[in-house]
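Position one of the sequence shown corresponds to residue 1352 (the numbering used here), numbered consecutively onward.
See below for the structure under consideration.
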Amino acid sequence: MEMIRNHKPLVASVSQIRILMIGPVGAGKSSFFNSINSIFMGRITSKAMSGSAGTSLTTQFRTYPVKDGREGKPLSSVLCDTMGLEEQSGAGLDIEDISSIIQGHVPDRYKFNPSTPFQPDEQKASKPASIQEKIHCVVYVIDATKISLMSDKLQEKLASIRRKVNSLGIAQIILMTKVDEACPLVEMDLQNLYLSSYIKSKVQEVSSQLGVPVSCVLPVKNYSQELELELNCDVLLLTALQQMLNFADDYLDDVGM
């Protein structure tokens, strides 16, 4: 927590790191923000709508700054939540929308329309957004229990997003959620996470599916039904956020050059 509290972006013109969460419906994008927010608030919170509806509960582009406690100052990270990805075309988040978000054109609370991608007004489109408005790290949120069940269409969608993000040179991470549901050993005790051969195999599977190095796959358990914070849960969540900030710094360092 201390390291995240004291983190300052490497580039002076950037006051906050913008982290974009992308992933299928119900993978835990909004829950990750709620979980991080809960840790810094010192209690379970649910600011972002989360749940397990069949279609995405998030219909708007939302930017969630994380505050250090109720009266605290905003931290250096802003988690950007998007509509869930869906298999069929014309449903869920559009790839063109992701491109507009990454380039800093999409305003907070913009309501997604799956049938027509976001159109920036001409004035905005002609001048590039500042580095502060752009995305500095992209996080794919993937449910550990559904990696083997991921359809070809969804994999294709994720692959084309990856190609787009690669072309923009932005750091990418996989957040593998619901590790407790995927492995009984981990459900019994979260500390078994790095001892679990099943979780290790899932990390390798999602790494090869999305073409992201194993070291960039971060396993976590979001808060979903707990009423109290748990240290082991916090450690995994904070480690993931810290790594996102590190990757974003690498990107800013590169851009700054």
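All C-beta atoms in this analysis are idealised placements derived from N, C-alpha and C, irrespective of residue type, glycine included.
Keep in mind that this is a model prediction, so the values were computed, not measured.
With 16 other Cβ atoms within 10 Å as the buried cut-off, status of residue i
i        : result
Pro-1375 : buried
Ile-1429 : Residue identity differs from the one stated: residue 1429 is Val in this sequence, not Ile. Per the 10 Å Cβ criterion, buried.
Tyr-1602 : buried
Thr-1590 : exposed
Leu-1592 : buried
Leu-1546 : exposed
Met-1352 : exposed
Gly-1562 : exposed
Asn-1385 : buried
Leu-1500 : exposed
Ser-1382 : buried
Asp-1540 : exposed
Lys-1359 : exposed
Asp-1448 : buried
Gly-1405 : Low confidence applies to Gly-1405: its pLDDT is 49, below 50, so where it sits in the model is not reliable enough to give any reading.
Gly-1520 : exposed
Leu-1582 : exposed
Asp-1432 : buried
Proximity of residue i and residue j at Cβ, strictly below 7 angstroms
i        : j        : result
Val-1492 : Leu-1526 : yes
Val-1346 : Val-1565 : Not covered by the structure: residue 1346. The range shown for the chain is 1352 to 1608.
Gly-1446 : Tyr-1574 : Per the sequence presented here, residue 1446 reads as Ile, with Gly not at that position. No, the pair does not count as a contact, with Cβ atoms beyond the cut-off.
Asp-1419 : Arg-1356 : yes
Met-1372 : Lys-1380 : yes
Ile-1498 : Arg-1369 : no
Glu-1579 : Ser-1502 : no
Lys-1504 : Val-1530 : no
Asp-1585 : Ile-1390 : yes
Leu-1444 : Met-1434 : yes
Asp-1459 : Thr-1528 : no
Leu-1436 : Lys-1508 : yes
Per-residue DSSP class, three states only, for residue i
i        : result
Thr-1433 : coil
Tyr-1461 : coil
Pro-1479 : coil
Ser-1547 : coil
Leu-1592 : helix
Val-1606 : helix
Ser-1343 : A question about residue 1343 goes unanswered here, because the residues of the chain that appear run from 1352 up to 1608.
Met-1354 : helix
Leu-1617 : The displayed coordinates of the chain run from 1352 to 1608. Any statement about residue 1617 would go beyond what the structure contains.
Lys-1424 : coil
Lys-1418 : strand
Gln-1555 : helix
Gln-1470 : coil
Gln-1411 : strand
Leu-1587 : helix
Val-1365 : coil
Ala-1599 : helix
Val-1376 : coil
Val-1565 : helix
Contacting residues, own chain, Cβ-Cβ under 8 angstroms from residue i (five flanking each side not counted)
i        : result
Ala-1533 : Ala-1495, Thr-1496, Tyr-1549, Ile-1550, Lys-1553
Lys-1424 : Lys-1418
Leu-1536 : Asn-1543, Leu-1546, Ser-1547, Tyr-1549
Ser-1511 : Ile-1446
Ser-1481 : Ser-1364, Gly-1455
Own chain, CB closer than 7 angstroms to residue i, minus 5 neighbours either side, in chain order
i        : result
Tyr-1461 : Gln-1411, Phe-1412, Phe-1469
Ser-1450 : Lys-1515
Ile-1524 : Cys-1488, Val-1490, Cys-1567, Leu-1569, Gln-1594, Met-1595, Phe-1598
Gln-1483 : Ser-1364, Val-1365, Ser-1366
7 angstroms Cβ cutoff, residue i in contact with chain D
i        : result
Cys-1567 : This model lacks chain D altogether; it includes just one protein chain.
Same chain only: Cβ atoms within 6 angstroms of residue i, ignoring 5 sequence neighbours per side
i        : result
Asp-1600 : Leu-1361
Val-1457 : Phe-1412, Ser-1451, Phe-1469
Could you name each continuous alpha helix (DSSP H) segment of 4 residues or more that falls completely within the segment 1484-1543, going from the start of the chain to the end?
-> Counting only runs of 4 or more residues that sit fully inside the segment 1484-1543, the alpha helix (DSSP H) segments are 1503-1518, 1530-1533, 1535-1539, in chain order.
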